[in-house]
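Residue numbers (the working numbering): 156 to 811.
Beta carbons are placed, not taken as given, at the ideal position from N, Cα and C, and that holds for glycine.
Remember, it's a predicted structure, so these values are computed and weren't measured experimentally.
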Ligand code: SF4
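Now the structure itself:
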């Protein structure tokens, strides 16, 4: 059951419909000059899907505090106009929206010509391009006032609450930590004075908005930095924030520069709950929110059952499924966030507009209906099985991987009659391989969700049915065909590549019976996944051989370092700059990047040297003369990833 999660909650005077809060996310389109239409559409889709309190992406209280140029600044009247519309529309729809008040401090990456970043002290960070300027004592007090003014704006613009961004290593955290606050004035010098800035911000915000307006403080429960803020200081700080007028504490974990993964798929769900629970123990009755790596309501329920925590903050799961709460409430399948970070965090790190791998609609909620009569874009949160313009038509989707299933799902959602043909015995395509990799088990959920929804919407899925040249008549009987036949492993031409212990990556993923000494040839994401999977066996030595100098060069910025650290931890050897490869029955011989000849013992050699489009069906479909689209790997494997596959499936459905 979800009794605890679905029970009403409270933050100050604000009554919440349930215990889930949508955490702040930088969407990357604050600056879009559309009067706030696309921002409002994003939040409204979540309101319709049952979201309670939602927190906006950070709105900078000062131009120097903008993290990336695409984020909004509260000084900007055009941005405030957009926010007014967003708050108004969300409020009118019965939603609750908190404005997050933000200052990046030394994490700021201003546009060229923008203000120089500022911080308590001139301490550079390895993830920021510029060393910040130390603030004068007076300038610190002015920033406190900026937060207060931002809070007044929030109330006047019609928001339901504010959240002060005091975690993740942004400015307020920078004041708290001895690593970044080297001051010796009233704002630094000992823990008491280092706490003062965050406490002063809460007090000033409280004074600005009055006693009844809800104020949430986002704070760091553990910065995961050697020499950072100690536990006693965190406890004292939490109490001081409560005393200064915070109505709730939302507990984050880690700074952006912490060397410990916090939000990656490798982090077990619920891993950071004890950090929030410790803050709760320090503050007693004050509501405390847990966050980070809780991606299902059932997990949230378990946290509420096992701890005195009051509320659960979930952010990315609301990208993956705007209707997360409503679907969970009714026991329907949920489109689970797989914590890939590929379309959200990795994009927001560079200030690009976020989307979601498993939900390509994110960021396009306000797109106009195409003028030439295809089905209207349907919000999966509310309207399923609507009737398309011109009546339902029949579509064959060939291939039930991510691209094909997404196309099939979206077509069925739009009211068309969809039949999916999958050659394998099960749907999933490349995701059936991926879900075996540690941390990627939820990839199977993405497939389960799409197939369950497809079936519910009346679509049919035939597995074990390979469509070939001989099926031209069958294809012709449909109004449209989506070719989503995926990829084939690329063979490489090497001496010894026909030996019995040489396998392609597809069979290696599917089979646990790899040898004790495994050599993976290839340097892309699949080679990394394979090495990760193979290295789970404690007695196995895994070696990755790659031509280039960088393993997993196209992996996302937020994930690559964490996975490579895990491979190192598991003893995986990586040899770069490899040439002159030869596979012998007992070893792989090569010349490495230092021009040294080497022999790597191997019982199993797995070739993960890329993919080719499995596009044999394309000419058949062309010959049939039926409307068609080729999507995902079948169209092109250059730069292919799952984000593109899902998005192409979605686009093909829209184009029909
Ligand atoms: Fe989750 Fe990946 Fe979607 Fe981000 S892109 S919300 S991590 S599934």
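Got a sec? Which residues, its chain only, sit under 6 Å from residue i by beta carbon, not counting five neighbours each side?
i	result
residue 798	497, 498, 512
residue 307	363
residue 803	558, 786, 787
residue 279	286
residue 273	219, 287, 288, 290
residue 770	789
residue 472	450, 479, 492
residue 250	202
residue 299	355, 356, 359
I want to check one thing, is the minimum distance from the CB of residue i to the heavy atoms of the ligand SF4 below 6 Å?
i	result
residue 474	yes
residue 496	yes
residue 493	yes
residue 489	no
residue 177	no
residue 513	yes
residue 471	yes
residue 590	no
Which whole-angstrom value describes the C-beta separation of residue i and residue j, a residue pair presumed to lie in contact below a C-beta threshold of 8 Å?
i	j	result
residue 376	residue 343	That belief does not hold up - the Cβ atoms of residue 376 and residue 343 are roughly 21 Å apart, past 8 Å.
residue 221	residue 265	6 Å
residue 450	residue 492	5 Å
residue 359	residue 445	Contact doesn't hold; Cβ gap of about 27 Å is too wide.
residue 653	residue 788	Contact doesn't hold; Cβ gap of about 25 Å is too wide.
residue 176	residue 208	5 Å
residue 488	residue 603	7 Å
residue 477	residue 289	Contact doesn't hold; Cβ gap of about 43 Å is too wide.
residue 618	residue 582	6 Å
residue 258	residue 226	The Cβ separation is near 11 Å, so there is no contact.
residue 157	residue 211	Contact flag wrong, Cβ pair sits at about 26 Å.
residue 697	residue 730	About 12 Å separates the two Cβ atoms, so there is no contact after all.
residue 564	residue 605	5 Å
residue 808	residue 569	7 Å
residue 466	residue 442	6 Å
Give me, in chain order, the residues of the same chain whose beta-carbon lies closer than 8 Å to that of residue i; leave out the 5 immediate sequence neighbours on both sides.
i	result
residue 393	374, 404, 434, 437, 438
residue 357	319, 370, 372, 396, 399, 400, 401
residue 284	264
residue 367	167, 168
residue 426	447, 448
residue 688	591, 592, 593, 664
residue 193	184, 187, 518, 520, 521
If you drop the 5 nearest sequence neighbours on each side, which residues of the same chain put their C-beta closer than 7 Å to that of residue i?
i	result
residue 756	672, 741, 742
residue 639	552, 553, 554, 556, 558, 559, 562, 786, 787, 789, 804
residue 768	642, 788, 789, 790, 791, 792
residue 773	638, 785
residue 161	173, 484
residue 420	493, 494, 495, 594, 595
residue 645	764, 765, 766, 767
residue 659	644, 762
residue 124	This structure cannot settle anything about residue 124, because the visible part of the chain is limited to 156 through 811.
7 Å is my cut-off, CB to CB: does residue i come that close to chain D?
i	result
residue 565	Going by chain labels, chain D is absent from the structure shown, which holds only one protein chain.
- Task: Any chance you could list the alpha helix (DSSP H) runs of at least 4 consecutive residues sitting entirely within the stretch 277-357, in chain order?
- Result: List check, alpha helix (DSSP H) in window: 292-312, 326-331.
- Message: Give the list of continuous alpha helix (DSSP H) stretches no shorter than 4 residues that lie fully inside the stretch 589-661.
- Response: Entirely contained in the stretch 589-661, the alpha helix (DSSP H) runs reaching 4 residues are, in chain order, 598-611, 627-631.
- List in chain order: all unbroken beta strand (DSSP E) runs of 3+ residues lying wholly within the stretch 709-742. The beta strand (DSSP E) runs lying completely inside the stretch 709-742 and spanning 3 residues or more are 728-730, 734-738, given in chain order.
- What alpha helix (DSSP H) runs, 4 residues minimum, are completely inside the stretch 760-798? Scanning the stretch 760-798 from its first residue to its last, the whole alpha helix (DSSP H) runs of 4-plus residues come out as 773-779.
- Query: Which ranges does the alpha helix (DSSP H) cover as unbroken runs of at least 4 residues, wholly within the stretch 347-415, from first to last along the chain?
  - Reply: Taken in chain order, the unbroken stretches of alpha helix (DSSP H) that lie wholly in the stretch 347-415 and span 4 residues or more are 386-399.
- Message: Quick check on the DSSP output: what are the complete beta strand (DSSP E) runs of length 3 or more inside the stretch 197-257, in order along the chain?
- Response: If we require 3 residues or more, the beta strand (DSSP E) runs fully inside the stretch 197-257 come out as 208-215, 251-257.
- Message: Please give me, in chain order, every unbroken run of the alpha helix (DSSP H) with length at least 4 that falls completely inside the stretch 436-507.
- Response: Residue ranges of uninterrupted alpha helix (DSSP H) with 4 or more members, entirely inside the stretch 436-507 and ordered along the chain, are 452-461, 471-475, 479-484, 500-503.
- Counting only runs of 4+ residues fully inside the stretch 548-573, write out the alpha helix (DSSP H) ranges in chain order. Whole alpha helix (DSSP H) segments, 4+ residues: 557-568.
- Task: Taking only runs that begin and end inside the stretch 670-695, name each unbroken alpha helix (DSSP H) of 4 or more residues, in chain order.
- Result: Every alpha helix (DSSP H) of 4 residues or more that sits fully in the stretch 670-695 is shown, in chain order, as 680-689.
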